[in-house]
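As structure tokens, the structure follows; a few thoughts come after it.
Number of protein chains: 2
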Amino acid sequence: MGSFLRSRASVVTVPIAPSLNPPPVTGEVLKARIYASIRPELDRIEKAIRRHLASSVPLIEVVGRYIMESGGKRLRPLLMVLSSKLCGYDGDKDAELSVVFEFLHAATLLHDDVVDNAEIRRTKPAANILWGNPAVVLVGDFLYSKAILMTVLHNNIRMLEVLSETTTRMAEGEVLQLIHSDDLETDEPSYMEVILRKTAVLMSAACRIGAILAQAPPDQENALSDYGLHLGIAFQLIDDALDYVGTVDELGKPVGNDLQEGKATLPLIYAMERADAPRRDLIRKVFTAERQSMQDIETVQRLVRELGGVDYTVQRAAEHVASAKNRLDAFPPSPTKSLLEDIADYVLCRRS
Amino acid sequence: MGSFLRSRASVVTVPIAPSLNPPPVTGEVLKARIYASIRPELDRIEKAIRRHLASSVPLIEVVGRYIMESGGKRLRPLLMVLSSKLCGYDGDKDAELSVVFEFLHAATLLHDDVVDNAEIRRTKPAANILWGNPAVVLVGDFLYSKAILMTVLHNNIRMLEVLSETTTRMAEGEVLQLIHSDDLETDEPSYMEVILRKTAVLMSAACRIGAILAQAPPDQENALSDYGLHLGIAFQLIDDALDYVGTVDELGKPVGNDLQEGKATLPLIYAMERADAPRRDLIRKVFTAERQSMQDIETVQRLVRELGGVDYTVQRAAEHVASAKNRLDAFPPSPTKSLLEDIADYVLCRRS
Chain A
395 MGSFLRSRAS
405 VVTVPIAPSL
415 NPPPVTGEVL
425 KARIYASIRP
435 ELDRIEKAIR
445 RHLASSVPLI
455 EVVGRYIMES
465 GGKRLRPLLM
475 VLSSKLCGYD
485 GDKDAELSVV
495 FEFLHAATLL
505 HDDVVDNAEI
515 RRTKPAANIL
525 WGNPAVVLVG
535 DFLYSKAILM
545 TVLHNNIRML
555 EVLSETTTRM
565 AEGEVLQLIH
575 SDDLETDEPS
585 YMEVILRKTA
595 VLMSAACRIG
605 AILAQAPPDQ
615 ENALSDYGLH
625 LGIAFQLIDD
635 ALDYVGTVDE
645 LGKPVGNDLQ
655 EGKATLPLIY
665 AMERADAPRR
675 DLIRKVFTAE
685 RQSMQDIETV
695 QRLVRELGGV
705 DYTVQRAAEH
715 VASAKNRLDA
725 FPPSPTKSLL
735 EDIADYVLCR
745 RS
Chain B
395 MGSFLRSRAS
405 VVTVPIAPSL
415 NPPPVTGEVL
425 KARIYASIRP
435 ELDRIEKAIR
445 RHLASSVPLI
455 EVVGRYIMES
465 GGKRLRPLLM
475 VLSSKLCGYD
485 GDKDAELSVV
495 FEFLHAATLL
505 HDDVVDNAEI
515 RRTKPAANIL
525 WGNPAVVLVG
535 DFLYSKAILM
545 TVLHNNIRML
555 EVLSETTTRM
565 AEGEVLQLIH
575 SDDLETDEPS
585 YMEVILRKTA
595 VLMSAACRIG
605 AILAQAPPDQ
615 ENALSDYGLH
625 LGIAFQLIDD
635 ALDYVGTVDE
645 LGKPVGNDLQ
655 EGKATLPLIY
665 AMERADAPRR
675 DLIRKVFTAE
685 RQSMQDIETV
695 QRLVRELGGV
705 DYTVQRAAEH
715 VASAKNRLDA
725 FPPSPTKSLL
735 EDIADYVLCR
745 RS
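Chains as they are written, first to last, in the numbering used here: chain A, 395 to 746; chain B, 395 to 746.
What follows is the structure, encoded as structure tokens:
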């Protein structure tokens, strides 16, 4: 099982140029093509991140660099920059503003590591292991404050409204996750509410604020906000599916992580709803155990795949990718539009 | 020793009415008089706090109420409301806006409890003991986000600039404290930098934003900002002095707390600078010990008092109270001005 996810990369087809009959492209080709197109934007974003990480307190810079240079894809800043470009923005304030979204993302990663008592993030020791919970909580607070301050300097109250509503919903979502995640009886709507707040609203805000920077009309702003929301949902669904099929090398984190941490995500929720009583009992036993053997983890992972939990999750992600791309209909064809479509497709076939 | 602090309450004299020759008032009388005058403001602030604590996530409300109903004095919201009143504000948005400062304060208390691994706050179990670090970190994040969101709704970019600069400086200050506090060789300037950022900048921002709400001229805004800054410094100095002289009953937290947590504050820094080698060694031994007996703590407390650490700290606080009151010269006499002067005096003679 998990074959749906594995084969996805080879069946996704994306038009390279609208006028050509497109050949099928694999995930790796898609990734290479996306990164080739966004190189100039990425360079500007990286420079801006480094500039804004400067602090009079060296430890902040050290921890900040560590979390932000640990293999992140800069997806959120990119979404903001590309969204503003799609709406015709040609000023030079986009890269500066986009840093806000990487800082907010980094702040949530740092606090998540403390909340989850994480040991590893992307093949490296988690920040809390290296610097301890106190430093990690406080550097997270700094990055959050700095993100708000950087937005304030753009002197646009609408942006601040979107951003602070977003971070408030995110914080509520994190608390919700804390309450629901270890509950094996949680259902799909509760899970969707959590990933919406945890992942999707920030990507949505990045896209919307890109549109606001470009002074785009409301319909374009809303279209991009929806694009980001669906993209974010799909992104998190795939993340949660990968935890049941990926390998350590691919993911840069232990596989079966959610299971080990007692987090009930959609693959597991779906499988539990369809399992017969003995299998449900087995899953519950492993899920609630104080310590799980690697064999237990692998047994449940296989069960979840056999019961269709991974396929179902990927299918839901595919629907959200389709919705994301649909919302781009509000824009005429352009290289930037194609790039945003490529990014949506890539979310489905990414392996890490 | 510590007699200076103990006798302060009976020597502070405050004019009850500018035209009368004032009788001396004690700390308790001063406190009663302040609270009698601010009852209507306090009631409006309490109602606004309760209204804004509402969240779709019940745990947020529970933890939020716990930290905010544990005997806080609402000093920061009061400073904002009184500052706006002093500048002639007579609208009805002051109480709403003042909640921002209680939320930010509560967020820092929650994160501090995690950072310090606190067990007790104001005679009650610390929030992290009751709900665990994850919930406490995340509810802190929520309160912080909500504070920014509430400010955004006032639609004033200047307020947001002041606020986000303040929270960024505060976060840097917390990291600074983490680095320096367990360093017994830290000096007075480093300590002052920490308490400035940790306590004073938020009180200063509360006063400045009160002035901004009242659309006060720049000189009044700056005067109030300075008042809040000096008041905040004095407040923290007295807090740190009390830890070397108070009793558990008075403070609602273990006495000798800073010493036990390995935090070098001004009384200790001053004493270390003046101690002879054997006493310095004794202090260092207790300060750096893994576990300290109550007797060790009391010995060092007595040493610090004998070496003048408490008197010196209170003296510095008195200077800042004087500076705070001086800056109110920018305003003509009024009941609100007298109240702000009373509050400054009370900071010096407070016991909890």
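Glycine included, C-beta positions come from ideal geometry on N, C-alpha and C.
Computed from a predicted model, the values in this text were never measured in an experiment.
Task: Beta carbon proximity, A:H505 to chain B, threshold 9 Å - done: Yes, because at least one Cβ of chain B sits closer than 9 Å to the Cβ of A:H505.
Task: Reduced DSSP category for A:P452 - H, G, I as helix; E, B as strand; rest coil - done: Reduced to three states, the DSSP call for A:P452 is helix.
Task: Backbone secondary structure at B:R468 - three-state DSSP - done: Of the three classes helix, strand and coil, the one that applies to B:R468 here is coil, per DSSP.
Task: Distance, A:C743 Cα to A:F398 Cα - done: Any reading at A:F398 must be qualified, since the residue scores a pLDDT of 36, below 50, and its modelled position is unreliable; the value itself is stated next. Spanning the two alpha carbons is a distance of roughly 10 Å.
- [ ] Using a Cβ cut-off of 9 Å (strictly closer), state whether A:P417 contacts chain B.
- [x] Interpretation of A:P417 is limited by its pLDDT of 46, a score under 50 that renders its predicted location unreliable; the figure taken from the coordinates is listed afterwards. Not closer than 9 Å to any Cβ of chain B, the Cβ of A:P417 fails to qualify, so no.
Task: Where A:P519 falls: helix, strand or coil (DSSP) - done: Shown here, A:P519 sits in a strand according to DSSP, grouped into three states.
- [ ] Take the Cβ of A:V680 as the centre, count every other Cβ of all protein chains shown within 10 Å, and call the residue buried at 16 or more, exposed below.
- [x] buried
TODO: Leaving out five residues on either side along the sequence, give the residues of the same chain with a beta carbon under 7 Å from the beta carbon of A:R673.
DONE: L697
Open item on the list: Counting only beta-carbon separations shorter than 9 Å, does B:I542 have a partner in chain A?
Closed with: yes
- [ ] Report yes or no: is there a C-beta of chain B within less than 9 Å of the C-beta of A:A628?
- [x] Chain B contact via Cβ: absent.
Open item on the list: What does the Cβ neighbour count give for B:R721, buried or exposed, with the cut at 16 atoms within 10 Å?
Closed with: buried
- [ ] Taking all protein chains shown into account, decide if A:E667 is buried (16 or more other Cβ within 10 angstroms of its Cβ) or exposed.
- [x] exposed
Open item on the list: Under 8 Å: do the region 615-626 of chain B and the region 710-724 of chain B share three or more Cβ pairs, one atom per stretch?
Closed with: yes
- [ ] Quick one: which unbroken beta strand (DSSP E) runs of 3-plus residues sit fully inside the region 546-613 of chain B? Chain order, please.
- [x] none
Task: B:S750 versus B:E455: straight-line alpha-carbon distance, rounded - done: Chain B is shown from 395 up to 746; residue 750 of chain B falls before or after that span and cannot be answered.
Task: Reference B:D437, options B:K425, B:S492 and B:Y638, closest by Cα - done: B:S492
Open item on the list: Please identify the residue among A:W525, A:I439, A:L503 and A:C481 whose C-alpha is closest to the C-alpha of A:D723.
Closed with: It is A:C481.
Task: Residue-level contact to chain A via CB, B:I677, 9 Å cutoff - done: no
Task: Continuous alpha helix (DSSP H) stretch holding A:N651: start and end - done: N651 to Q654
- [ ] Would you verify that the beta carbon of B:Y621 is, or is not, closer than 9 Å to some beta carbon of chain A?
- [x] no
Open item on the list: For A:I677 and A:T580, I'd like the C-alpha separation in whole angstroms.
Closed with: 14 Å
TODO: Output, in chain order, the set of chain A residues within a Cβ distance shorter than 7 Å of B:N549.
DONE: Within chain A, the residues placing a beta-carbon under 7 Å from that of B:N549 are I551, ordered along the chain.
Task: Exposure label - B:S539; buried when at least 16 CB within 10 Å - done: buried
- [ ] Pull up the distance between the alpha-carbon of B:L734 and that of A:I589, whole angstroms please.
- [x] A direct Cα-to-Cα measurement between B:L734 and A:I589 gives close to 48 Å.
Open item on the list: Considering only DSSP beta bridges, list what A:I514 is partnered with.
Closed with: A:P519
- [ ] Could you name the residues of chain A that B:V494 contacts, counting a contact when the two beta carbons are closer than 9 Å?
- [x] Within 9 Å Cβ-Cβ: nothing; B:V494 doesn't reach chain A, min ~11 Å.
Open item on the list: Any beta carbon from chain A within less than 9 Å of B:S558's own beta carbon?
Closed with: yes
- [ ] Report yes or no: is there a C-beta of chain A within less than 9 Å of the C-beta of B:V595?
- [x] no
TODO: Taking only beta carbons into account, state which residues of the region 447-458 of chain A come closer than 7 Å to chain B, listed in chain order.
DONE: S449, S450, V451, L453 and I454
- [ ] Give the straight-line distance between the Cα atoms of A:P367 and A:L572, rounded to the nearest whole angstrom.
- [x] The question about residue 367 of chain A has no answer here: the residues shown for chain A are numbered 395 through 746.
Open item on the list: Between A:R459, A:Y664, A:L453 and A:D633, which has its C-alpha nearest A:E496's C-alpha?
Closed with: A:R459
Open item on the list: Please classify A:A426 as buried or exposed, where buried requires at least 16 neighbouring CB atoms within 10 angstroms.
Closed with: Around the beta carbon of A:A426, fewer than 16 other beta carbons sit within 10 angstroms, so the residue counts as exposed.
Open item on the list: Can you confirm whether the region 535-551 of chain A touches the region 546-566 of chain B when touching is taken to mean that 3 or more C-beta pairs between the two stretches lie within less than 8 Å?
Closed with: yes
TODO: Could you list which residues in chain A have their beta carbon closer than 9 Å to that of B:T664, in chain order?
DONE: According to the sequence as given, residue 664 of chain B is Tyr; it is not Thr. Correct list: empty, because the minimum Cβ distance to chain A is about 25 Å.
TODO: Name, going along the chain, the residues of the region 564-580 of chain B whose beta-carbon falls closer than 7 Å to a beta-carbon of chain A.
DONE: Of all residues in the region 564-580 of chain B, those with a C-beta nearer than 7 Å to a C-beta of chain A are A565, E566, E568, V569, L570, L572 and I573, reading in chain order.
Open item on the list: I believe B:A608 touches B:S478 by the beta-carbon criterion, under 8 Å. Please report the beta-carbon distance rounded to the nearest angstrom.
Closed with: 5 Å
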